[in-house]
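Q: Counting from 471, one number per residue, gives the positions in the sequence shown under the numbering used here.
The beta-carbon is built from N, C-alpha and C at its ideal position, and this holds for glycine as well.
Could you have a look at this structure, given as structure tokens, before my questions?
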Amino acid sequence: MPRRKISNTQAVCIVLLWFLLVYILLRYSPTVDFMTVFTIIASGIIVFVPLYKNRRHKDR
């Protein structure tokens with residue numbers, strides 16, 4: 471089954487929700503330690519790699 475393309479509006483919403491998640495995580499975390507930074511980096515990879523791949527294939 472082919473994957474559906476992500477529209478610009480969907481991509482912006484995903485990115486804004488990720489920034490909101492990072493803000494909440496940093497705002498309410500008692501300390502910024504390795505696990506907090508690791509969580510932000512891992513979630514960023516999970517969010518931005520598929521968006522990048524989608525944009526790269528959309529340009530072709």
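Our contact map puts V507 next to W488 with C-beta atoms below 8 Å; I'd like the distance itself, whole angstroms only.
A: On the sequence shown, residue 507 is found 37 positions in, with the first residue counted as 1. On the sequence shown, residue 488 is found 18 positions in, with the first residue counted as 1. With a Cβ gap of about 15 Å, V507 and W488 do not count as contacting.
Q: Just tell me which of H527, S513, P520 has its CA closest to the CA of L491.
A: One-based indexing of the sequence shown puts residue 491 at position 21. Cα-wise, what sits closest to L491 is S513.
Q: Quick one: Cα of K523 to Cα of T509, how far?
A: For the purposes of this step, residue 523 is taken as residue 53 along the sequence shown, with counting starting at 1. For the purposes of this step, residue 509 is taken as residue 39 along the sequence shown, with counting starting at 1. Straight-line Cα distance between these residues: approximately 21 Å.
Q: To the nearest angstrom, report how far apart T479 and R525 are at their CA atoms.
A: On the sequence shown, residue 479 is found 9 positions in, with the first residue counted as 1. On the sequence shown, residue 525 is found 55 positions in, with the first residue counted as 1. Roughly 13 Å between the two C-alpha positions.
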